[in-house]
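Chemist: The letter at position 37 of the sequence shown is residue 179 when you use this note's numbering, and the numbering goes up by one with no holes. Think of the CB as a built atom: it goes at the ideal place given N, C-alpha and C, for glycine as much as any other residue. Sharing a structure below in structure tokens format, with a few things to ask.
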Amino acid sequence: MQKVKIALLGFGNVGQGVWQILNTNKKQIILNCGREIEISKILVRDIEKPRNVDVPKDILTTDIEDILADDQIAVVVELMGGLNPSMQYMLKAMRCKKHVVTANKLVLATQGEELFKTAEEEGVLFYYEASVGGGIPIIREINESLTANKIEQLVGIINGTTNYILTKMTMEGMDFNEALRGAQEKGFAEADPTSDIEGYDAAYKLAIMASLSFGTKIDMNCIYREGISNIKAVDIEYADSFGYAIKLLAIGKDINNRLELRVHPTMIPKTHPLANVNDSFNAIFIKGNAVGDLMLYGRGAGSLPTGSAVVGDIISILRSNTDLSELTNMKNSMAPKKIQASEENVSGYYIRLNVKDRHGILGEIASVLGRHNTSILTVTQKVKSEDNVSLVFITHSTLEGNIMKSLKAINDLDNVNSIENIIRIENFS
Ligand code: NAP
Ligand code: HSE
143 MQKVKIALLG FGNVGQGVWQ ILNTNKKQII LNCGREIEIS KILVRDIEKP
193 RNVDVPKDIL TTDIEDILAD DQIAVVVELM GGLNPSMQYM LKAMRCKKHV
243 VTANKLVLAT QGEELFKTAE EEGVLFYYEA SVGGGIPIIR EINESLTANK
293 IEQLVGIING TTNYILTKMT MEGMDFNEAL RGAQEKGFAE ADPTSDIEGY
343 DAAYKLAIMA SLSFGTKIDM NCIYREGISN IKAVDIEYAD SFGYAIKLLA
393 IGKDINNRLE LRVHPTMIPK THPLANVNDS FNAIFIKGNA VGDLMLYGRG
443 AGSLPTGSAV VGDIISILRS NTDLSELTNM KNSMAPKKIQ ASEENVSGYY
493 IRLNVKDRHG ILGEIASVLG RHNTSILTVT QKVKSEDNVS LVFITHSTLE
543 GNIMKSLKAI NDLDNVNSIE NIIRIENFS
């Protein structure tokens with residue numbers, strides 16, 4: 143049996159999942175690619191660190207040169223995370239004529255172009271299925287199965303950590319920090335969970351999917367991004383009472399060659415399938431002009447689900463005859479498209495205010511909204527004391543620009559204590 147040697151850069155949650163899968167499913171993998179895959183070196187920071195799986199110590203190294211200089215290693219699998227040295231190591235591996243697999247969305251979303259260009263120049267393959275949606279085969283779906291379509295829309299829950307936190311807060315009344323600790327213990331969160339909580343991770347993934355789906359390079363700075371750190375238990379309770387669930391959605395639309403790209407907490411009807419995507423599960427809704435609506439669902443984070451996508455990429459490389467078709471996708475995707483300013487986005491709004499219980503305040507706020515072409519669907523008032531009233535407005539769909547101007551004016555009203563929260567509502571109409 144021919145053996146193919148590979149190296150892992152990083153042996154954390156995902157790296158150890160890859161190790162486990164290659165060992166547990168060894169026979170099946172041989173059947174699938176006709177060769178035995180051997181992990182011959184693993185780059186780590188600390189060789190002595192305890193791991194969840196047993197590996198021979200002599201294959202661990204802290205020196206990347208041990209891997210780059212080894213001509214026997216055909217595939218380098220980057221699972222360290224972060225921008226550098228991951229990016230530099232991948233470029234070096236390609237220049238040493240090694241194929242590269244990565245799960246690193248940060249590098250892809252911000253420096254992908256250079257990686258694709260180098261892979262093409264060096265005639266090596268570069269696969270990245272695990273970078274979006276963990277175990278969900280979304281990249282292959284967009285790059286292969288859906289190529290007959292013009293993709294018009296992507297709407298997804300694409301961060302497992304925040305979905306786990308929102309699920310625990312909603313279903314178990316768990317405190318935000320406790321839920322975050324749970325996501326970290328389960329290996330869902332990034333090394334710095336700010337990336338998850340503040341929506342950066344989802345924005346990187348949206349950039350990767352949108353670039354492939356809409357055929358253009360995406361500047362990360364043009365993606366509107368808002369995380370979940372401001373979502374309070376009271377917002378979840380209000381959402382529930384109005385028939386909504388709160389989810390961190392990534393939304394990408396191609397409207398006549400203008401792109402709408404945004405990541406933010408969103409209220410969605412409880413009857414919508416995305417509202418029932420819970421825990422670390424991810425789901426991505428795609429609308430193609432031929433296929434119509436399509437939804438992919440699966441585990442978006444975690445050692446084995448993500449390892450599954452990584453090992454799938456390694457097997458694809460071994461099965462291919464260095465077919466460069468996937469690499470040309472990026473080349474084809476460079477035509478510029480304009481990204482719509484966030485003021486032009488349209489959705490419904492949940493606006494939670496704290497006000498004083500004074501004569502006419504409701505009318506003043508309603509009139510500000512009306513002046514800015516925003517029509518009110520419902521108003522809920524809870525009086526805690528004369529100076530402490532919780533007021534919640536649900537609006538019909540309106541331009542984000544109208545809401546921003548309204549909020550500025552509402553904030554200036556004498557009897558408004560504070561604007562407590564604003565959450566967009568997606569009705570999928
Ligand atoms: P992790 O648990 O933090 O593991 C990172 C590994 O990389 C560790 O083994 C660490 O070594 C090693 N490492 C980091 N910097 C290094 C350096 N400069 N030199 C040598 N080794 C270095 O991370 P992870 O959760 O496995 O995630 C890895 C990548 O997969 C990230 O890009 C992440 O975004 C992506 N991803 C993760 C998931 C998930 O569910 N976790 C899902 C999809 C994609 P030590 O062990 O010695 O410290
Ligand atoms: N931290 C990421 C998440 C890992 O929670 O979704 C998967 O990309």
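1) Is the number of C-beta pairs between the region 352 to 362 and the region 391 to 404 that are closer than 8 Å three or more?
2) At a cut of 8 Å, does the region 550 to 569 reach the region 404 to 420 through at least three beta carbon pairs?
3) Return the first residue and the last residue of the alpha helix (DSSP H) that leucine 519 is part of.
4) Is lysine 199 closer than 8 Å to isoleucine 184 when the C-beta atoms are compared?
5) Reducing DSSP to helix, strand and coil, say where glutamate 190 ends up.
6) For arginine 500, which option in Val558, Asn167, Met222 and Thr303 has the closest C-alpha, if you only look at C-alpha atoms?
7) Report the rounded CA-to-CA distance for glutamate 332 versus arginine 513, giving the unit in angstroms.
8) Over the uninterrupted beta strand (DSSP E) stretch that includes serine 182, give me the two end residues.
9) Could you name the residues of the same chain whose beta carbon sits closer than 7 Å to that of serine 548, not counting the 5 residues immediately before and after it, in chain order?
10) Just checking threonine 271 against the ligand HSE - is the residue's beta carbon closer than 7 Å to any of the ligand's heavy atoms?
11) Looking only at C-alpha atoms, which of Val242, Gly275 and Lys247 sits nearest to lysine 259?
12) Given a threshold of 16 other Cβ atoms within 10 Å of its Cβ, counted over all protein chains shown, does threonine 537 qualify as buried or as exposed?
13) Taking 7 Å as the limit between beta carbons, can you name the residues of its chain near leucine 541, skipping five residues before and five after?
14) Cα-Cα, which of Glu178, Asp382, Leu164 and Leu150 is closest to aspartate 205?
15) Quick one: what's got a C-beta closer than 8 Å to valine 419's C-beta in the same chain, skipping five residues either side?
16) Can you round the beta-carbon distance between valine 217 and isoleucine 148 to whole angstroms, since I take them to be within the 8 Å contact cut?
17) State the Cα-Cα distance for the pair tyrosine 491 and phenylalanine 535, rounded to the nearest angstrom.
18) What does a CB cutoff of less than 7 Å around isoleucine 307 pick up in its chain, not counting 5 residues either side in sequence?
19) Quick check on the contact list: which residues have their beta carbon closer than 6 Å to a heavy atom of the ligand HSE?
20) Which whole-angstrom value is the C-beta distance of valine 433 and leucine 288, which I expect to be below 8 Å?
21) Which value, in whole angstroms, describes the spacing of the CA atoms of lysine 168 and tyrosine 346?
22) Enumerate in chain order the residues of its own chain whose CB-to-CB distance from lysine 572 is below 6 Å, with the five nearest sequence positions on each side excluded.
23) Ends of the beta strand (DSSP E) at methionine 409?
24) Is the CB-CB distance between glutamine 230 and arginine 193 below 8 Å?
25) Residue ranges of each alpha helix (DSSP H) run of no fewer than 4 residues wholly in the region 199 to 226, ordered along the chain?
26) When you compare each of Phe356, Met236 and Ser273 to glutamate 256 by their alpha carbons, which one comes out closest?
27) Go through the region 301 to 341 residue by residue and report every complete run of the alpha helix (DSSP H) that reaches 4 residues or more, in order.
28) Rounded to the nearest angstrom, what separates leucine 446 and glutamine 162 at their Cα positions?
Modeler: From the atom records:
1) Three or more Cβ pairs closer than 8 Å define a contact, and the region 352 to 362 meets that threshold against the region 391 to 404.
2) Yes, they touch.
3) Reading the sequence shown from its first residue, position 377 is the one you call residue 519. Looking at the DSSP string, leucine 519 is not in any alpha helix (DSSP H); the run it does join, the beta strand (DSSP E), is 518 to 527.
4) Here residue 184 corresponds to residue number 42 of the sequence shown, with the count starting at 1. Here residue 199 corresponds to residue number 57 of the sequence shown, with the count starting at 1. Cβ distance not < 8 Å, so isoleucine 184 and lysine 199 don't count as in contact.
5) Locating residue 190 in the sequence shown gives position 48, counting from the first residue. Coil.
6) The count along the sequence shown starts at 1 and reaches residue 500 at position 358. Val558 is the residue among Val558, Asn167, Met222 and Thr303 whose C-alpha sits nearest the C-alpha of arginine 500.
7) Here residue 332 is taken as the residue at index 190 of the sequence shown, counted from 1. Here residue 513 is taken as the residue at index 371 of the sequence shown, counted from 1. One C-alpha to the other measures close to 44 Å.
8) By 1-based counting over the sequence shown, the position of residue 182 is 40. Where serine 182 is concerned, the enclosing beta strand (DSSP E) stretches over 178 to 185.
9) One-based indexing of the sequence shown puts residue 548 at position 406. Excluding sequence neighbours, serine 548 sits near Val510, Leu511, His514 and Thr516.
10) In the sequence shown, residue 271 corresponds to position 129, counting from 1. Going by the sequence as given, residue 271 is glutamate instead of threonine. Incorrect: glutamate 271 has no Cβ contact closer than 7 Å to the ligand HSE.
11) Position 117 of the sequence shown, counting from 1, holds the residue named residue 259. Out of Val242, Gly275 and Lys247, the CA that lies nearest to the CA of lysine 259 is found in Val242.
12) Here residue 537 refers to the residue found at position 395 of the sequence shown. Result: buried.
13) Translated into the one-based positions of the sequence shown, residue 541 becomes position 399. Closer than 7 Å at the Cβ level, and outside the excluded window around leucine 541, lie Glu485, Glu486 and Val488.
14) As a position in the sequence shown, residue 205 is number 63, starting the count at 1. Nearest neighbour of aspartate 205 by Cα position, chosen from Glu178, Asp382, Leu164 and Leu150, turns out to be Leu150.
15) Against the sequence shown, residue 419 aligns to sequence position 277. Taken in chain order, the residues that qualify are Ile299, Asn305, Lys389, Ala425 and Tyr439.
16) For the purposes of this step, residue 217 is identified with residue 75 of the sequence shown, where counting begins at 1. For the purposes of this step, residue 148 is identified with residue 6 of the sequence shown, where counting begins at 1. Between valine 217 and isoleucine 148 the beta-carbon gap is near 4 Å, inside 8 Å, which marks them as a contact.
17) For this step, residue 491 is matched to residue 349 along the sequence shown. For this step, residue 535 is matched to residue 393 along the sequence shown. Roughly 8 Å between the two C-alpha positions.
18) For this step, residue 307 is matched to residue 165 along the sequence shown. Same-chain partners within the cutoff: Phe318, Ala321, Leu322, Ala325 and Ile370.
19) So the residues near the ligand HSE by this Cβ test are Gly276, Asn301, Gly302, Thr303, Phe330, Ala331, Glu332, Asp338, Asp343, Gly442 and Ala443.
20) One-based indexing of the sequence shown puts residue 433 at position 291. One-based indexing of the sequence shown puts residue 288 at position 146. With a Cβ gap of about 7 Å, valine 433 and leucine 288 count as contacting.
21) Working through the sequence shown from its first residue, we reach residue 168 at position 26. Working through the sequence shown from its first residue, we reach residue 346 at position 204. Cα atoms of lysine 168 and tyrosine 346: separation of roughly 33 Å, rounded to the nearest angstrom.
22) Residue coverage of the chain in this structure runs from 143 to 571, which leaves residue 572 outside it and unanswerable.
23) The residue you call residue 409 lines up with position 267 of the sequence shown. Element bounds for methionine 409: 400 to 411.
24) If you number the sequence shown from 1, residue 230 lands on position 88. If you number the sequence shown from 1, residue 193 lands on position 51. For glutamine 230 and arginine 193, no; Cβs fall outside 8 Å.
25) Qualifying alpha helix (DSSP H) stretches, in chain order: 207 to 210.
26) Here residue 256 corresponds to residue number 114 of the sequence shown, with the count starting at 1. Checking every option, the nearest Cα to that of glutamate 256 belongs to Met236.
27) For the region 301 to 341, the continuous alpha helix (DSSP H) assignments of 4+ residues that do not extend past its boundaries occur at 302 to 314, 318 to 327 and 336 to 339, in sequence order.
28) Counting from 1 along the sequence shown, the entry for residue 446 is found at position 304. Counting from 1 along the sequence shown, the entry for residue 162 is found at position 20. Take the alpha-carbon of leucine 446 and the one of glutamine 162: they are about 8 Å apart.
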